[in-house]
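Residue numbers (our numbering): 202 to 1148. Glycine included, every Cβ here is placed at the ideal spot set by N, Cα and C. Just below is one structure, and these are the notes that go with it.
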């Protein structure tokens, strides 16, 4: 990957004007589409397959008026006035009539209609007017809501002086979070940190610019999608918050490496700006890709909960992160190319490098590792204690009672609670299948009496069958509010009576309504935490094993992540559930935690934790590996512990800057954040601070100090099983080191030295120029293994090779495209396979089992070799590459492919007049390895898998 990113970074730097124009065009096109989309957001929380959702869907079919979208107006009279007074009654009836004239209102229920009881408060000072609206929640627009609120203000004139009419209910439950000046302050703090970290205002502006572009593009895509599908109202702000944080951080990691490479140092030749851009994108960009990929996987993994709105939220948050990665790898290098030398820091004298134990970060790591066991115990004990309150998290989905006190829906919610009781804000619905009953009214009366006697029920407002007398509808008012745990207990008690009602009065019942559905969603979300946690923890463990080739490093990273999550949950519970320090974050009163906050926090924090782990620990591993190479006989534990200090001091500054920026972005979304965003931002701010400064920069060095060299041990069998993820740019460093090997222009077709695959073949060396032929003779198993290795299909365990000008194994994917691997005895026939392969103009053709060919197949191979030799004269007679002439393209030399033939029969070697011949060396018989003879019909795929 680092090799690809190297070329990508160089290309974007060199063609910066085209890249910038392309991104500008994308912005314009997506912006235009977003403007036409007409995005509408939904807070319709539902879970397909849940009993409450199925009951509501059935109710919409059999009793549509009972399942329609509703709103309610509360009329509150001044002191001394009563709803039953003639003037007040006439005024309320006028209000009902006025609401009935609105085009979106299909039905108005007067508190005096007698269709339902309990619409007038016990003190006769307030009355409820229920409205049924046309269309679903998504089809009701902000203009419709504003018109109803304006109508409520106007009809106050029909009531006694001092009366109030307020709108609320289901239709007013959607609240789209918006940005405020406070969030802009957070961006300002990020700019200051960037300036201090990069040392240049011009450089500091680039990460902000790229992050904002990513956020805008994410919002455009979200708006386009919201015009086509249901998108939760929390999703846009979550995408903004996450996109800003990771966008700035990812750009910072790449740009800081670029500035470091550009900095002139006395006695050291500075790096060219284009080369620096390419290397920055290849090295720091590799870590950015890994970090972004882990965040995206975790966010898409939210779909494991099988809740549509959460899946969509995770997908769009992942899109914001993916855009941040793509922009950091393309737009940022283009801007670096545009800025050119203006990003080069000022020259400074070469100073002696400080000892790892000096300076602020040196003192930090020295303090953390002086008594490592004590550090581990203290950190674990403190974070464990902070995690304890997480066991008491009270969760619910958002409702009007959690909105700001000045919002219309909150005013209505509070007035309803005051005059009618909290249960009126979250009534339940019990449905009954009464099709088989001979006495539908009697059945409904029985259900009403049973429900009224149930603990937690304040009142039954209505119990009636539909017009067809096949479905019964009971509206139940609990004694507690919709987000009170006692309401969930009531729902369970009503569900538990299903079997009793199935016997007497003999009907099937279900509990539904928005409150019951929200309770089901909350319970489903709580139940999804464990499997999602296992998924995230397991994924982090495997990914980190692939990156660091260690068992202990992923283990302590995973434990640290769990401690960070626990601390974030515990702090959130203390502030939002208990109200401790609520005033500091502008929280009016203790509220339940939004039900999807824990699972969202787990997903996002997982990726961010992996960011810091990779950027910090990879430098420690790099220093340890270099130290071992320099001193192979040295004490490995001593070298490992020295690498902790050197690696920490080298990377802690950029990790600190990234963590402070991310903390600032999240923290400044807290004071003015609405509902779910306030809670998610708070949890992320705490989680980032704990994970970066307590876990990664304190606990991790202490644990590594205890482990010594054991920290970097991976069992041999596991090392062979796991693929390699190069997030440190090791592949690129190797390519740069071997850039002139074996020749500067790489015109050879193939060159290999000391190539081995453990237990199969050893020390194979080969050089071929275009048009030449090599013969590999040996048993079929090692012979095919060598051919597959040279063709980029199998990794060597030792040696080095360049095929078609591409280094193996770093460019194996491109080698596979530039070569052809053919087998004698294939089902389609070698003659056909060879013609197809030559049509792709490969640089090297590998043919295994050539001594088994005969007839037309042998003739076709002979002709292909002859044609290749004719196109490619011997190196001694080849014309030199012409010097480039300004303004004219350099013609590419026309050369035929080289051929590598695999033979079993030693006597058949002479027939091919080969330029090179290899008789394979197999491993020492003193250490026998299982090496079964593969049958001639074994396919390439089967052979690679067996190897």
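*Can you tell me where the beta strand (DSSP E) with residue 334 in it begins and where it stops?*
327-334
*Quick one: using the 10 Å Cβ neighbour count with 16 as the cut-off for buried, is residue 423 buried or exposed?*
buried
*Unbroken beta strand (DSSP E) runs of length 3 or more, entirely within the region 947-989: which are they?*
951-958, 962-969 and 974-978
_In whole angstroms, give me the CA-to-CA distance for residue 589 and residue 531._
44 Å
*Does the beta-carbon distance from residue 846 to residue 563 come in below 8 Å?*
yes
*Is the CB-CB distance between residue 884 and residue 729 below 8 Å?*
no
*Can you tell me whether DSSP reads residue 752 as helix, strand or coil?*
coil
*Contact between the region 479-495 and the region 568-586: three or more CB pairs below 8 Å?*
no
*Within the same chain, show all residues whose beta-carbon is closer than 6 Å to that of residue 453, passing over the 5 residues directly before and after it, in chain order.*
408 and 859
*Verify whether the separation of the beta carbon atoms of residue 275 and residue 617 is less than 8 Å.*
yes
*Can you tell me whether DSSP reads residue 442 as helix, strand or coil?*
helix
*Thinking C-alpha only, which one of 733, 629, 697 and 640 is nearest residue 714?*
629
*Give a yes or no on whether the C-beta atoms belonging to residue 481 and residue 464 are separated by under 8 Å.*
no
_First through last residue of the beta strand (DSSP E) which encompasses residue 410_ = Careful: residue 410 lies outside any beta strand (DSSP E), inside the alpha helix (DSSP H) at 402-427.
*Could you say which of 808, 219, 690 and 309 lies nearest to residue 863 if we only look at CA atoms?*
808
*Which residues in the same chain as residue 518 place their Cβ atom closer than 7 Å to its Cβ, once the five residues preceding and following it in sequence are excluded?*
439, 440, 443 and 500
*DSSP state of residue 480, grouped into three classes?*
helix
*asked:* Counting C-beta neighbours from all protein chains within 10 Å, is the total for residue 314 16 or more, i.e. buried, or is it exposed?
replied: exposed
_residue 598 vs residue 719 beta-carbon contact at 8 Å_ = yes
*Please work out which residues of its chain come closer than 6 Å, Cβ to Cβ, to residue 1155, disregarding the five sequence neighbours upstream and downstream, and give them in chain order.*
Since the first and last residues shown for the chain are 202 and 1148, residue 1155 lies out of range.
*Can you tell me whether DSSP reads residue 807 as helix, strand or coil?*
helix
*First and last residue of the alpha helix (DSSP H) that includes residue 674?*
First-last for residue 674: 672-679, but that is the beta strand (DSSP E), not the alpha helix (DSSP H).
*For the alpha helix (DSSP H) that residue 537 lies in, which residues bound it at each end?*
532-540
_Neighbourhood of residue 477 by C-beta distance below 7 Å, restricted to the same chain and skipping five residues each side_ = 459, 462 and 463
*When the Cα atoms are used, what is the spatial distance from residue 331 to residue 309?*
6 Å
*Thinking just about the alpha-carbon of each residue, which of 890, 1028, 1103 and 942 is nearest to the one in residue 990?*
1103
*Compute the Euclidean distance between the alpha carbons of residue 657 and residue 257, then round it to the nearest angstrom.*
22 Å
*Span of the beta strand (DSSP E), counted from its first residue to its last, around residue 282*: Premise fails: residue 282 is in no beta strand (DSSP E) and is neither H nor E.
*When burial is assigned at 16 or more other CB atoms within 10 Å of the CB, is residue 210 buried or exposed?*
buried
*So what does residue 304 bridge to, in DSSP terms?*
According to DSSP, residue 304 bridges with nothing at all.
_Can you look up residue 1083 in the DSSP assignment and give me helix, strand or coil?_
Unreliable placement is indicated for residue 1083, whose pLDDT of 49 sits below 50; the coordinate value is still reported in the next sentence. Note: residue 1083 maps to coil in three-state DSSP.
*Could you check what DSSP says for residue 609 in three-state terms: helix, strand or coil?*
helix
_Within the continuous beta strand (DSSP E) that includes residue 660, where are the two ends?_
658-666
*Could you tell me if residue 358 is buried or exposed, where buried requires 16 or more neighbouring beta carbons within 10 angstroms of its beta carbon?*
exposed
*Taking three-plus beta-carbon pairs below 8 Å as touching, is the region 994-1006 in contact with the region 1100-1117?*
no
*Close Cβ partners of residue 865 (< 6 Å) along its chain, the five nearest in sequence each way excluded*: 387, 390 and 391
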